[in-house]
Each structure stands twice: as C-alpha cells, then as structure tokens.
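Residue numbers (my numbering), protein chains in the order written: chain C, 27 to 199; chain A, 27 to 199.
Every residue gets a Cβ at the ideal spot worked out from N, C-alpha and C, and that includes glycine.
Only a predicted model underlies this, so the values are computations on that prediction, with no experimental measurement involved.
In what follows, a single structure is set out as structure tokens and then discussed.
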DNA sequence: GCCTAAGTTCAAAAATTATTGAAACATCAG
DNA sequence: CTGATGTTTCAATAATTTTTGAACTTAGGC
C-alpha cells in the first residue's frame, strides 16, 4: 500500500511521497467541507483542518501539501486563515525551522472565533447606518409598520453587539 | 429628480418607470447584503428582501424589478428562494393575477428557517458517515487523542440533530 | 375556450472567488 | 555571514456562482 520510500530509515527523503487521503479521511473532509461551505470558507481550508483533525500528531507544511495534493500557495493561505481564527496551533521542534500544526483543543471555541470574525464586523459597521435609516424614516414620517421594523432591527443589532463580548474568551469545551 | 412619468395620474403606464433606490434604502440593502453574504445568499436575493423590508406596502413583481434594476429572471429566482424559506408572503388582490409581496412578520423566524435549511441536511447526511469514521478509527486502533476528537464530533452532531426539531415551529418574535 | 398578462426556466455571459506556481522573502543552522 | 530551507506573495488561471434575457409555460379574465 505504501509507495516506495515512505519516511523510512534515517535517509532524509529529498522528495518524499505522500499517500492520498484514505476513504475515512475523505469522509471526514467532506463533512468539514460542507459545514465550512455554509460559512463561505473555501474547500481547501476545510480540507486542511479535517486532515489535521484526523491525524494523530501535528503535521508539517509539506506533509499537508502532499497528502492533500494541493499547491503550496493554498496550504500557506489555508494555514494563515486557520491560524488567524485560532483554529490551529503550531508546535516547533528545536533545531528545525519547520512548523508542525495541530487543531486547537476546542472545535467549539474555534467555531465561535470564526463566527465572531464574520458577523461582528458586519454588525459594527452597520450600527450607525441602521440608526440613520431609522432616523430618516421617522423624519420622513414613514408608515408606522416600517418604523416598527427598523426599530426592531436596530434593537437586534445593539443587543447582538452587547452580547458579543461575552463570547470573547470562549471557555474550552 | 424624478424621471418623466412616475406612476402619476390615472393612466395605466404601459412601461412605468421606477426610481432607483434612495440612499437610505441602499444603506439598508447593503446591510442585508452583507449579512446574507455570510450565509452564501446571493446579493440579488438580499436586495429584494431589503426592498420589501423598507417598503410600506406589498410590492409586485414589476415594481421590484424596476426599483432594483435587475432582470426578470433574478426577481423570479429571488422570490422563489425567499418564498421557499418562508421569508416573504404574498397578498393577492381579487380580479388580478398579480401577486404582491411583503416580508414575513418575524425576521427572527425567517433566519431560523434559513439556517435550518442549510445546516440540518448537512448534519443529517453526515450522521452515518461520522459514525463510520469513528468505528473505523477504533477498529484500526488509532491514537486515543483522535478517537476522543471523533467521539466528540459524533456527540455534537447527534445533539444538534436532537435539538433541531425544537426549532421547527419558531415562535413569532 | 381563447388570448394575453404574469411568471418561470435555463443556457449562455458576466462576475466573483479559489487555486496555482513561480518569484520574492525570511530565517536560522552551519 | 551565507546558503539553503521553509514560507509567503500575488498575478494569472481555473472553477464556481450569479445574473441575464429570450423562449416557454400557466392561469384567469373576458
């Protein structure tokens, strides 16, 4: 099942070859890919996370690229994204510049971080605009029905913003 | 500011012209567009919803198309989507085949419907696969660390599925 | 029952988003 | 220091998604 020289004996392989994903890994990747899709997270990012998630130890850059069969660029960007959302962390061995990655302990916390980073900016940026829209409607003497809707929307927005900081330090699950 | 013949006197305009969105309407549309974007809902759909949301009465097909300046096809598909997720409802006047649309009373309920329709199928479809992945890992004697992760993922999925029906009849907000 | 207004469909075009890969950069082991 | 290793960048390309519009269908008023 293994192609020629899996990281066998002491020889440092100049171009180690990696196995493609196994069926069970593909299954899990599909799951993550679909879930990520809902939030608009690209396939390659989900695949990287899935691979780290089913793997026993931390994996390095080349390993990820090799097993997934994607480009250096994609791996780099994917890791950057996951890092940025605190979904993975790196373990560094002394005597090597290479980083090895593994998923953050709590997937739940990761998801919260991800959601926050998408929703919060939108809410924050919208705040003044929504208030203006409401004020505008009031000053133009719009239908009570519309005023009511816009008022509710503003309340929602405010409450969501108040609630957000509570999610800041997500407790490990 | 108004182009020639706004729906003026009694003459039924053969090609009524509609005003483009006003600044305050654009602002609201932008908000909805951004929020929708997070869930992968296309711009035109969000715009239609936004327009209905700031409008006093229900609007008909041509009105929506005219004010938004988008194609018939987009309006049709957009309304289909919104209808399908119970985010809008139509009022029909007797003596006309034309339908007029307005947002469902509760935006909250609409969002729940939307989310359910995206997340639930993914969870359901994943269920057996996830169980298989876990069983597989166990039978292969994978690292406890990995077994632990996969177990947790399965528990999550199950709990989410149990929880889902509670959201079925979303109480109006 | 026609005939036309009202809406839908869907293939093609446009717009957007993701991926690639080669060149640039950074870091650290020697 | 220096050179090679490890990573990032980003313009070009590929893939995907959205929008369009013209042809088609449907429904209901007359």
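- By the neighbour-count definition (other C-beta atoms within 10 Å, threshold 16), residue 91/A is a buried residue.
- Taking a contact to require three or more Cβ pairs closer than 8 Å, the region 143-154 of chain A and the region 117-134 of chain A do not qualify as touching.
- Between residue 181/A and chain C, the shortest Cβ-Cβ separation is not below 7 Å.
- Between the C-alpha atoms of residue 182/C and residue 146/C there is a straight-line separation of about 13 Å.
- Annotation note: the region 113-191 of chain A contains the following uninterrupted beta strand (DSSP E) runs of length 3 or greater, listed N- to C-terminal: 114-118, 125-129.
- Judged by DSSP in its simplified three-state form, residue 85/C adopts strand.
- At a cut-off of 7 Å between beta-carbon atoms, residue 60/A makes contact with chain C.
- Across the structure, residue 185/C and residue 110/A are spaced so that their CA atoms are roughly 28 Å apart.
- Counting other Cβ atoms within 10 Å of its Cβ, residue 130/C reaches 16 or more and is therefore classed as buried.
- Counting along the chain, the unbroken alpha helix (DSSP H) around residue 104/C starts and ends at 98-110.
- Contact between residue 140/C and residue 65/C holds: CB atoms are separated by about 7 Å, below the 8 Å threshold.
- Under the DSSP assignment, residue 49/C falls in the alpha helix (DSSP H) whose first and last residues are 49-64.
- Taking a beta-carbon distance threshold of 7 Å, residue 161/C does not count as an interface residue toward chain A.
- Between residue 124/C and residue 86/C, the gap from beta carbon to beta carbon is short of 7 Å.
- Residue 50/C has a beta carbon lying within less than 7 Å of a beta carbon in chain A.
- For residue 82/C, the closest alpha carbon among the candidates 170/A, 187/A, 72/A, 177/A is that of 170/A.
- When 8 Å is used as the limit between beta carbons, residue 168/A is near these residues of chain C: 82, in chain order.
- Against chain A, the beta carbon of residue 156/C has neighbours under 9 Å at 53, 54, 57, listed in chain order.
- Around the beta carbon of residue 119/A, fewer than 16 other beta carbons sit within 10 angstroms, so the residue counts as exposed.
- For residue 43/A, the three-state secondary structure derived from DSSP is coil.
- For residue 64/C, the nearest CB of chain A lies under 7 Å from its own CB, placing it at the interface with that chain.
- In the three-state reduction of the DSSP assignment, residue 71/A falls in the helix class, which pools H, G and I.
- CA-CA distance, residue 58/C to residue 76/C, rounds to 6 Å.
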